[in-house]
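Presented below is the structure to which this report refers.
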Amino acid sequence: MSGDQNAPGGFHHAQDKLTFLLSLVPYLIQQTQVSVSDAARHFGVSQQTIREAVLLIAVSGVPGSDSNYQHGDLFDIDWDAFDENEIIITQLVAIDDSPRFSAREASALIAGLQYLQSLPENVDSAAYSSLAAKLARGASEAPSQVIVSPAATNDSFARIGDALSRGMQLEFDYRDSKGQSEHRRVDPLRLDSDDDDWYLRAWDHSRESVRTFRLDRLDGLNVTDLPIEHRPSDVALSDSLFDTSGEHTTVVLEFRPEALGLLGEFVPEGTRVTRVGELSRASVRVAHFHGLTRLVAGLAGVARVVDPPEARRAVRQWAVDARAAYPAAPGEHPTIANA
Amino acid sequence: MKSVPESSPSIPSSDVSASAVAVEERLFSLVLALVSTEIGLTKAEILGAVQGYRQKFVPGGDNSSLERQFERDKDDIRELGVPLETLESPTDPGNNQALRYRISKGDYDLPADISFTPEETTLLNLAAMVWREGSLSGESRRALLKLRSLGTEGSQQLIGYAPRIRTRDAAFGPLTDALDKAVLVRFSYLKPGELNARERLVAPAAVVQHQGRWYLQAFDQKADAPRTFLLSRIVGPVVVTRTPSPQSASATAGDDALAELDEIWRTHVAHVSVRPGTDAESRLGKRRGSIRNPDGTIALHYTDLAVLADDLAAFGPEVVVISPAGLVTAVRDRLAAIIASHPDDMDAV
């Protein structure tokens, strides 16, 4: 199993642990009786996390008039049932309802909904707005103004969504960053997004492995009548779109410290970033220079390639070739061609 | 009083008692105690009686570190949306020691008529997933726990999607924080075309994402006018001040900012030509709202000329800008800067 919430010990932050306790109590009351395993599944946590929380709730309560905790002022559970992995709360203290959302929690969900508005037909816009209104009403303060425009989707997005839901293979022409186009036949597994960009994660039949495809590099999309051979549940997908750990070419990048985020997946989490004067440096691994060249060419004045010389020259040549299409600016000396 | 061993250098005595009661048990006990009191509890009552504090409380002694602990706990609890109130003593106003603390159950409970269908629960699960990285990941995780407390299971639709919004800009966290607190922020902002960043003092009104870029809508205190800032142009740290914003943000500030950005996008069009069979041809042709002309040129809508110039410079020789003239200059300047920062005739510096 993966995911933070299933890690041994459950939640890592005290605020998360408190929220979990405040959420578990009303759930247990509403269920009247529920098994440890069902509660664990419902909250997406381990059974151990549920057990520890129930044991803590069972000894918690309010201090009585003499500032001591008396039995009648504490929660209690049916201990015999708990031995049989069943949870029954027999005495309540202070709280019995779900807590309100905080302003930030509500605004995170509302902004997330706005982003999802462009997703396929399953969801209509009236449902979105009534949900957003409900969240705002369920928050302790007015949700903060964090607003997101709907994700960009297009025609191929809808057809991939259709193939995903019906479990059909897809075929398309894919043009990679080198400009080479190739016909692919894949089992679609998942549609991932990264802000305004969408990616198809799929089992590539010719490569015999999982590949990530940018939707805007895909042409001639066709939903075949062949059922998929690899189901999404059979294939482990990491949360990061690109795995660079197996690549062998190392490139040294230099950038303004605040621009680290702009380098995205090229600088995976955990990469060592060193400081050279006012700038940062990081060594990253790449399969080839094509993607990196594009990235750096889009970050003029913000980032540059330091090493190796071949990579530096690749970026330079990319820009030199591009500039050749424009007349020299007034006052600018024409470039003297190297012999 | 129990005899306490002479303080040993390896095990401070406070750590021993702190480990006895877990943080979440102390916070949970504090919430329970404050919900169940009508008139509120004073700080002394809380520290002396509530689980997790009472173990460390010294009657008549110095409890200053415990008091600081209580202050931090109050902040942590309020941050979760729990309405922890402070009440002045009617007979002794202004006396901090006489303040009473309580949580009104009516303000704590989710309104009884709020529930979510399985379909809505699925959508909200997906909406929370959008923030699984970065500044709002904690909030979305906790929002989901509260959602699950209602007991509704999600339905199985929309399973093949993993949408994600990134909050890569370091400024996102402090700006949304200032937005919640309604206070002024100070930061250095580098306008495109200017050599040096200028310091700004602004009242944040909304943080919006438009086509993958984060913007701050704010009231600039010096210019005395509303301004829109691109988060990626904020240089260095954002300082969240304690000065309350003199301009209160309207409830529609975010939607208004987004509508304005949409209008700019709709009315600004650039024309470029692309080399056939390249990445630029496939990707620029598929951008939102772009039009492919029969002569091979592409019309592109844009919101910010400098941002588009960065995007186009990335495509190198695969694209040539035709118009507007400002965009031609901006792309050419970027290419010159890249050539200058990537010398081919010297070793790495």
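In the order they appear, the protein sequences are chains A and B. Residue 87 in the working numbering is what sits at position 70 of the first sequence, and the numbering runs on without skipping anything. Residue 889 in the working numbering is what sits at position 158 of the second sequence, and the numbering runs on without skipping anything. Glycine included, every Cβ here is placed at the ideal spot set by N, Cα and C. Only a predicted model underlies this, so the values are computations on that prediction, with no experimental measurement involved.
The beta-carbon of B:S880 is placed less than 9 angstroms from the nearest beta-carbon of chain A. Around the Cβ of B:G1008, a 10 Å sphere holds fewer than 16 other Cβ atoms; the residue is exposed. When the five nearest sequence neighbours on each side are left out, the beta carbons in the same chain lying within less than 7 angstroms of the beta carbon of A:L148 are those of L130, in order along the chain. Look at A:R273 here: in three-state DSSP terms it is coil, with no helix or strand label. Annotation: the continuous alpha helix (DSSP H) that includes A:Q47 extends over 31–48. Between A:L39 and B:L875, the C-beta spacing is not below 9 angstroms. Between A:T267 and chain B, the shortest Cβ-Cβ separation is not below 9 angstroms. Residue contact check for A:E103 against chain B: no CB pair falls below 9 angstroms. With a minimum length of 4 residues, the unbroken runs of alpha helix (DSSP H) contained wholly in the segment 783–851 of chain B fall at 795–810, 836–839. Residue A:L206 holds the alpha-carbon nearest to the alpha-carbon of A:V252 among A:D236, A:L206, A:D214, A:P274.
In this structure, DSSP gives B:V1052 an extended state, which the three-state scheme calls strand. Contact with chain A is found for B:H941, since one of that chain's Cβ atoms lies less than 9 angstroms from the residue's Cβ. Of all residues in the segment 270–282 of chain A, only E275, G278, L279 come within less than 7 angstroms of chain B when Cβ atoms are compared, listed by chain position. The segment 223–237 of chain A and the segment 895–907 of chain B do not touch, with fewer than three beta-carbon pairs separated by less than 8 angstroms. Rounded to the nearest angstrom, the gap between the Cα atoms of B:V1005 and A:H307 is 18 angstroms.
A direct Cα-Cα distance of roughly 29 angstroms separates B:Q940 from A:V322.
If you check the CB distance, A:D141 and B:R1018 do not come in under 9 angstroms.
At a cut-off of 9 angstroms between C-beta atoms, B:R1019 counts as an interface residue with respect to chain A. Ranked by Cα distance from B:A990, the first of B:Q942, B:A956, B:I1029, B:L1036 is B:Q942.
Taking all protein chains in view, the Cβ of B:Q782 is crowded by 16 or more other Cβ atoms within 10 Å, so the residue is classified as buried. In terms of beta-carbon proximity, B:G771 stays away from the interface with chain A, with every pair separated by 9 angstroms or more.
Looking at the DSSP output, B:T959 bridges to B:Q948. From the listed residues A:H200, A:I164, A:L208, the smallest Cα separation to A:S173 is found for A:L208. For B:E930, no chain A residue has a Cβ inside 7 angstroms of its Cβ, as the nearest lies near 15 angstroms away. Leaving aside the five residues that flank A:R176 on each side, the residues in its chain whose CB is nearer than 7 angstroms to its CB run, in chain order, L238, V240. Between B:G891 and chain A, the shortest Cβ-Cβ separation is below 9 angstroms. Take A:K151, set aside five residues on each side of it, and no residue of its chain has a beta-carbon closer than 6 angstroms to its own.
The segment 116–124 of chain A makes contact with the segment 803–818 of chain B; the number of CB pairs closer than 8 angstroms reaches 3 or more.
Check the Cα spacing between A:V203 and each of A:P249, A:I106, A:G287: the tightest is with A:P249.
The segment 78–136 of chain A contains, as complete beta strand (DSSP E) runs of 3+ residues, the segments 106–108 (chain order). Within the DSSP secondary-structure output, B:M860 pairs in no beta bridge. B:Q978 is outside the set of residues whose beta carbon lies under 9 angstroms from a beta carbon in chain A. For B:Q940, the enclosing beta strand (DSSP E) covers residues 929–941. B:S979 sits in coil when the DSSP states are folded into three classes, being neither helix nor strand. A straight-line Cα-Cα distance of about 5 angstroms links A:A128 and A:I164. Shown in chain order are the members of the segment 299–312 of chain A whose Cβ falls below 8 angstroms from a Cβ of chain B: T310, R311, L312.
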